[in-house]
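Each remark here refers to the structure printed beneath this line.
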Amino acid sequence: MLRFERTGQLSDISDAISMQQRAVQLTPSTNGAQSSLSLRLNSLGNSLTRDSENMAYRLNSLGNSLMRRFEHTGTWDNSNLMSARLDNLGVSLMLRFVREGDLEDISESISIHRRAVDLTPEGHPNLPAVLHHLGGSLRIRFLHTQQLTDISESISVQQKAVQLTPEHHAYLPGRLDSSGSSLMRRFDITGHVTDISEAIATQKRALLLTPAGNTRLPSRMNNLALSLRSRFKQTGNLDDISEAINLQRRAGHLSPESHADLPTWLNNLGVSLQTRFGHTTDLADISEAISVQRRAIQLTPEGHAYLSSCLNNLGNSLFSRFEHSTFERYADIQNALASYRRSATSPSGPLSARLWGAQRWAKLSNQVEPSQSLEAWPTVIRLASQVAGLEFTIQERYTFLLDVSELSASAAAAAFEHGRPDLALEWLEQGRCLVWGQLNTLRVSRALENAASRADPLPFTDETTISLAHVRLAQRWDQLLDKPLSYSTLLQHLPKSGFVVFVNAHTDRCDALILISRDKTHLHIPLPDFSYQKAGNLRNALATHLHQNGLRMRGSEVDIANRGMRYERTLKSSSVIKELLRQLWECVAKPILDGLGSASDSMVRIWWCATGPLAFLPIHAAGIYDGAESITVADYAISSYIPSVSVLAERVKSSRESNTSDVVGLLMISQPDTPGQLPIPGTTAEIRGIEQFLRDADVRHLCLEKAAATVDEGIKQMEAYSCVHFACHANQDTKEPLKSAFYLQDRPLELSAIIKQNLTQVDLAFLAACQTSTGDEKLSEEAVHLAAGMLAAGYRGVIATMWSISDLVAPKIAELFYAKIILMGSGESAARALHYATKEVRKELGDTEDGLLGWIPYVHFGM
1 MLRFERTGQL
11 SDISDAISMQ
21 QRAVQLTPST
31 NGAQSSLSLR
41 LNSLGNSLTR
51 DSENMAYRLN
61 SLGNSLMRRF
71 EHTGTWDNSN
81 LMSARLDNLG
91 VSLMLRFVRE
101 GDLEDISESI
111 SIHRRAVDLT
121 PEGHPNLPAV
131 LHHLGGSLRI
141 RFLHTQQLTD
151 ISESISVQQK
161 AVQLTPEHHA
171 YLPGRLDSSG
181 SSLMRRFDIT
191 GHVTDISEAI
201 ATQKRALLLT
211 PAGNTRLPSR
221 MNNLALSLRS
231 RFKQTGNLDD
241 ISEAINLQRR
251 AGHLSPESHA
261 DLPTWLNNLG
271 VSLQTRFGHT
281 TDLADISEAI
291 SVQRRAIQLT
301 PEGHAYLSSC
311 LNNLGNSLFS
321 RFEHSTFERY
331 ADIQNALASY
341 RRSATSPSGP
351 LSARLWGAQR
361 WAKLSNQVEP
371 SQSLEAWPTV
381 IRLASQVAGL
391 EFTIQERYTF
401 LLDVSELSAS
411 AAAAAFEHGR
421 PDLALEWLEQ
431 GRCLVWGQLN
441 TLRVSRALEN
451 AASRADPLPF
461 TDETTISLAH
471 VRLAQRWDQL
481 LDKPLSYSTL
491 LQHLPKSGFV
501 VFVNAHTDRC
511 DALILISRDK
521 THLHIPLPDF
531 SYQKAGNLRN
541 ALATHLHQNG
551 LRMRGSEVDI
561 ANRGMRYERT
571 LKSSSVIKEL
581 LRQLWECVAK
591 PILDGLGSAS
601 DSMVRIWWCA
611 TGPLAFLPIH
621 AAGIYDGAES
631 ITVADYAISS
641 YIPSVSVLAE
651 RVKSSRESNT
661 SDVVGLLMIS
671 QPDTPGQLPI
681 PGTTAEIRGI
691 EQFLRDADVR
701 HLCLEKAAAT
711 VDEGIKQMEA
721 YSCVHFACHA
731 NQDTKEPLKS
741 AFYLQDRPLE
751 LSAIIKQNLT
761 QVDLAFLAAC
771 QTSTGDEKLS
781 EEAVHLAAGM
791 LAAGYRGVIA
801 TMWSISDLVA
811 PKIAELFYAK
821 IILMGSGESA
831 ARALHYATKE
841 VRKELGDTED
851 GLLGWIPYVH
861 FGM
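Just so you know, we're using full-length UniProt numbering here: the sequence shown kicks off at 1 and counts up by one.
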């Protein structure tokens, strides 16, 4: 009994789970001897486990009550018996998750607890306990995933458990305490003051109802202290943080050295002391914090899931004392680095905690211990790629990536600083376009791809928001995907002619890395005249200028436009767009082209891959547009863009020899007057012009137009044609990228629906719609736009637009493009055809402001 609590041996909790699973399996639908056997197995499981409310005691009591009822009635209530066993199994899985951090355990625990709730009738005395345990598992998963749906459901079921518990019931204090903790956790995310006020009131009531000497008293003191600390962070009232510290000190004094939760309470005390130190700078507080946090780490078993967080907190306290004191400054910073390093390299614990420690380790080592930098940054990149794991939906993955999107650029800047451009390439590649890369790789697994592409979470009544089958399959795939490509491997599969140019814009420095496939080498070109700030200023100025001209880069550009107004006024030229393109030429494009020198031919292919704000700027159009003196990138290079080197390498490996019919077998989906949208005047003329070229060249084609352009028919025909041309409204959803869509007759054709199709023999997608390659500035390294999504769906190349396009220019670009591509017939024709089309339109329109804004937004992605 209670052996797991006393020893912490994982074999005990694993045995408990195995026995309880077997007990559930052996529970018959009819009365019989097997009921006794399953009871014994269940009891064995109970004797090996416990939870925060002395689970072993309650499980034993439940078993005795069931046995007495059987002796009195001679019958088993199988539904209630099954509910109890499921509940016990769910608790055991939750406990193992706390120890090992395996998401499958906590997801299964939630699923099993929900089944137990469903099997427990209203009014049954065990229902409050089952609800209480479900709420606890949901809160624990929330701490791992930060999904508000989990913590909101946790609060709901725990409050119901409290309502169903009689006023003087022995377990009421525990249920009040848990409900308060969940409210506090939601407050930490939303900042709603009603949550934290209710949390503190609920936990104070729990504490008052807990008698002196109760073993749960220290835990409830600690939980109330956490809520008080959370409120202090919002209000700054020192009374709250001082009360929290006093409660946590008392909790520590009341707990024996062998208590399993003592390290947690000591760690929390240390954080509270550090928090007060941040406001008072009293060195006594930070010194005490360091002392109790070191003790917490000493008492925490190696491999415990909580250890990484403890190490991070100790590192924070050491760094705080380093910043505010001359005493042992060098020792403090070295010890802080050691704590962060140990956290980052820990084999277990929440990924978020290990990633946070890795970031602190890497950034501090850049400043004070450069020799550790090249060890720290690959750890950061590896953990960042795992944060957006396949066990989460795509929307969830992008939410996690908001905080880590620029880490690859930071790592690359450090590698360039250390003279290791090869590492810069590897780290950039490992940390970019994580979600699209996963989708591309996992096209071989249709079941997982469909699960990952679902638009809506499963309802609470289903097994779990994250299906267990999905989690298990994702874990197997994560093992396969956790093999980053090396520098040499990346160079092996690039196009034989042309160059891949990575341009890394970072606050520390800016660099270009030119990959030369034919020589299996690279050129590193520092860009000292460019900066991250300048890239941001130019990006904001462009957004402002487009906004003022009635054009948009994406649907919510007003804030960016306002930021760019001041900088726009500082541009020297009367033509904002020309001055912007001139600066891009002088600071970025010209140094790169000069660096190529004799390595380039008179007209080369360049695949651009830029980071940070530079990813939103038209590098392909950089140049000086000044009549006879004009000089531009287009004079030297046919430009394409790629989300990542891996995407291009994959296209090269899967590329096949194409004939004319393969390349231009074309499906046109036209919707000039989409229901609920403004008409698009140039669409009909655009489609008629394309059709004429196709008929003259005897090219297979089909046009779905107006009422015929439905979602179901569009998807069906996309599988039958190697190329598709969308002439319609489109919407880029940066919050939920797979809901980005093309507006057709009956409903939007979402990217999620396209990706689910088995489009293995497709070549080109021409997205003749607005803003199909812009992306989200908060996820600059993820290429969250329709163009990258169509590449992920299987298309070899994509024509897209960076901002709203002109109804007059669009038909001309399309006609010139298809006329040229029909003549060329094969090879890398799409990029060359677009180069030709934009060049001809430029000749016609001239280098006026309107003329430049008309053709520059057209870009090519992929092969």
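Don't be surprised by glycine CBs; every beta carbon is placed ideally from N, CA and C.
Alpha-carbon spacing of residue i relative to residue j, whole angstroms
i, j, result
"R186", "L148", "7 Å"
"D776", "S309", "A caution first: D776 carries a pLDDT of 49, below 50, which makes its placement in the model too unreliable to give a value."
"T760", "A792", "11 Å"
"A257", "R139", "Sequence check: residue 257 is Glu here, not Ala. Rounded to whole angstroms, E257 to R139 spans 27 Å at the Cα level."
"V91", "S348", "20 Å"
"L311", "S339", "5 Å"
"I638", "R832", "6 Å"
"E429", "A353", "23 Å"
"E406", "S644", "14 Å"
"L853", "S575", "11 Å"
"A788", "G714", "20 Å"
"S182", "A424", "42 Å"
"G227", "L238", "This sequence places Ser at residue 227; Gly is not what is there. For S227 and L238, the distance between alpha carbons rounds to 14 Å."
"S133", "A244", "Note that residue 133 is His in the sequence shown here, rather than Ser. Cα-Cα distance, rounded: 26 Å."
"F277", "L247", "17 Å"
"A116", "I381", "40 Å"
"Q159", "A615", "48 Å"
"residue 870", "Q274", "The displayed coordinates of the chain run from 1 to 863. Any statement about residue 870 would go beyond what the structure contains."
"L209", "N222", "15 Å"
"E198", "V162", "14 Å"
"R341", "W361", "6 Å"
"D712", "G174", "54 Å"
Paired residues, beta bridge with residue i - DSSP
i, result
"T801", "Y858"
"M668", "C703 and H725"
"G623", "T632"
"L749", "F742"
"N731", "A741"
"A610", "V503"
"Y641", "W608 and F861"
"P526", "D511"
"T521", "I516"
"F766", "H725 and I799"
Distance CB(residue i)-CB(residue j) smaller than 7 Å
i, j, result
"R99", "D105", "no"
"R216", "L207", "no"
"F766", "F742", "no"
"M94", "S109", "yes"
"S179", "T202", "yes"
"Q293", "N316", "no"
"A358", "L318", "no"
"V798", "G862", "yes"
"I821", "Y858", "no"
"A649", "H545", "no"
"F416", "D511", "yes"
"L764", "A837", "no"
"V157", "G123", "no"
"E611", "N504", "Residue identity differs from the one stated: residue 611 is Thr in this sequence, not Glu. Yes, the Cβ-Cβ distance between T611 and N504 is below 7 Å."
"Q745", "A709", "yes"
"S230", "M184", "yes"
The ligand FAD heavy atom lying under 6 Å from the CB of residue i
i, result
"T345", "As far as ligands go, the structure on display features none, and thus does not contain the ligand FAD."
Query raised in the report: Counting Cβ pairs, one atom from each stretch, are 3 or more of them under 8 Å apart for the segment 839-850 and the segment 709-725?
Result: no
Query raised in the report: So, do the segment 513-524 and the segment 614-625 have three or more beta carbon pairs nearer to each other than 8 Å?
Result: no
Query - Touching by the beta-carbon criterion (3+ pairs, under 8 Å), the segment 244-253 and the segment 262-270 - result: yes
Report task. Specify whether the segment 582-592 and the segment 524-533 touch according to this definition: at least 3 beta carbon pairs, one from each stretch, less than 8 Å apart. Result -> yes
**Report entry** Touching by the beta-carbon criterion (3+ pairs, under 8 Å), the segment 296-308 and the segment 271-286
**Finding:** no
Query - Contact the segment 191-202 vs the segment 227-247: 3+ CB pairs below 8 Å - result: yes
Requested in this report: Decide if the segment 685-703 is in contact with the segment 740-757; the criterion is three or more beta carbon pairs, one per stretch, under 8 Å apart.
Outcome: no
Query raised in the report: Can you list the alpha helix (DSSP H) stretches of 4 or more residues lying completely in the segment 94-152, in chain order?
Result: 103-119 and 127-145
Report task. Enumerate, from N- to C-terminal direction, the unbroken alpha helix (DSSP H) stretches of 4 or more residues contained entirely within the segment 181-235. Result -> The segment 181-235 contains these whole alpha helix (DSSP H) runs: 193-208 and 217-235.
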